[in-house]
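A.B. asks:
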Amino acid sequence: MIKMNNISKSYILNDDETPLYVLKNINLNIKEKEFTAIMGPSGSGKSTLINIISFLDRDFEGEYYFLDEDVKEFKDKDLSTMRNQNVGFVFQSFNLIETDTIYENIELPLLYRGATHRSAKPIVLDQLEKVGLLSKKDQLPRQLSGGQKQRVAIARALANEPTFIVADEPTGALDTHTSTEIMTLFQNLNADHDVTILMVTHDSEAAAYCKRIIEVRDGQVIG
Ligand SMILES: Nc1ncnc2c1ncn2[C@@H]1O[C@H](COP(=O)(O)OP(=O)(O)O)[C@@H](O)[C@H]1O
Ligand SMILES: [Mg+2]
1495 MIKMNNISKS YILNDDETPL YVLKNINLNI KEKEFTAIMG PSGSGKSTLI NIISFLDRDF
1555 EGEYYFLDED VKEFKDKDLS TMRNQNVGFV FQSFNLIETD TIYENIELPL LYRGATHRSA
1615 KPIVLDQLEK VGLLSKKDQL PRQLSGGQKQ RVAIARALAN EPTFIVADEP TGALDTHTST
1675 EIMTLFQNLN ADHDVTILMV THDSEAAAYC KRIIEVRDGQ VIG
């Protein structure tokens, strides 16, 4: 599904003409239904890599083929379409709309994609059930715990039936017990619902739940 050949990424900083390479010759092959952790210390290039994978950044060297399509060939408009159709994002800070109910938070991306309130309803309820939060549907985000908020964010990401889920430090703002709960949910979604998950973390305990670990150091894949 994701095939990267020799991907590099550099920044040219204002006071210096020499490019600073933050990704160096990355080769990566990720198949559908995989549950992968991208692990590495802070500043090693994990977010930079995930931004390229999730079509947020096309300014890179090397080749990226997604479902056999050359990402370099996409125009800006194609790139945002690819993102909307294929990627479900889960963030460290949840990014829920505080003035909307849990139900509305999950419904919103469906409405953006042209669903009606009526056609969205069974999908929203199904996702809420999957993450175990049906009883919280009429509450506001601030009435939920951190772990519950993250489960809402996961339900929202799943609602559009993405090809894969990208989660950048999804347990970064959670305590150990709650992190375990979120990782178990990801594990079940992958095992029972074939959800393809790509998770970035610097936490080896969280990464241990994944089927595969890709280690990044100083912009290079080392294992
Ligand atoms: N816009 C930018 N301009 C210059 N350097 C950047 C920019 N974004 C990230 N970097 C640098 O790239 C490196 C990798 O960053 P990042 O991918 O965010 O690491 P991680 O997610 O592993 O913590 C860091 O050294 C960071 O300072
Ligand atoms: Mg990061």
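Quick note on numbering: the sequence shown equals residues 1495 to 1717 in this note's numbering.
The beta-carbon is built from N, C-alpha and C at its ideal position, and this holds for glycine as well.
Are L1517 and S1502 closer than 8 Å when you measure CB to CB?
C.D. replies: yes
A.B. asks: To which residues does DSSP link M1498 through a beta bridge?
C.D. replies: M1498 is bridged to L1522, Y1558.
A.B. asks: Within the same chain, show all residues whose beta-carbon is closer than 6 Å to that of P1635, passing over the 5 residues directly before and after it, in chain order.
C.D. replies: L1590, E1592, K1643
A.B. asks: Alpha helix (DSSP H) containing F1588: first to last residue?
C.D. replies: In the DSSP annotation of this structure, F1588 is not part of any alpha helix (DSSP H), being labelled neither H nor E.
A.B. asks: Decide if R1607 is buried, meaning its Cβ has at least 16 other Cβ atoms within 10 Å, or exposed.
C.D. replies: Exposed, since its Cβ has fewer than 16 Cβ neighbours within 10 Å.
A.B. asks: Within 10 angstroms of its Cβ, does Y1703 collect 16 or more other Cβ (buried), or is it exposed?
C.D. replies: buried
A.B. asks: Pair every Cβ in the region 1537 to 1549 with every Cβ in the region 1621 to 1629, then say whether three or more of these pairs are closer than 8 Å.
C.D. replies: Output reads no: the region 1621 to 1629 does not touch the region 1537 to 1549.
A.B. asks: Using the Cα positions of T1678 and V1689, report the straight-line distance between them to the nearest angstrom.
C.D. replies: 13 Å
A.B. asks: Report the option in G1539, I1506, T1512 whose CA atom is closest to the CA atom of D1662.
C.D. replies: G1539
A.B. asks: Tell me which residue opens and which closes the beta strand (DSSP E) that V1710 is part of.
C.D. replies: 1706 to 1711
A.B. asks: Which full runs of the beta strand (DSSP E) of 3+ residues lie inside the region 1598 to 1655, going along the chain?
C.D. replies: Listed in chain order, nothing qualifies, since the region 1598 to 1655 has no complete beta strand (DSSP E) run of 3 or more residues.
A.B. asks: Could you tell me the boundaries of the alpha helix (DSSP H) in which A1700 lies?
C.D. replies: 1698 to 1701
A.B. asks: Judging by CA-CA distance, which residue of D1551, T1575, V1646 is the nearest neighbour of T1595?
C.D. replies: V1646
A.B. asks: Does the beta-carbon of S1455, which I'm using as the reference point, lie nearer than 7 Å to any heavy atom of ligand 1?
C.D. replies: Only positions 1495 to 1717 of the chain appear in this structure, which leaves residue 1455 out of reach.
A.B. asks: Helix, strand or coil: how does DSSP classify V1689 here?
C.D. replies: coil
A.B. asks: Under DSSP, the beta strand (DSSP E) around T1530 begins and ends at which residues?
C.D. replies: Under the DSSP assignment, T1530 falls in the beta strand (DSSP E) whose first and last residues are 1529 to 1533.
A.B. asks: Helix, strand or coil for F1680 per DSSP?
C.D. replies: F1680: helix per DSSP, three-state reduction.
A.B. asks: Can you look up E1511 in the DSSP assignment and give me helix, strand or coil?
C.D. replies: coil
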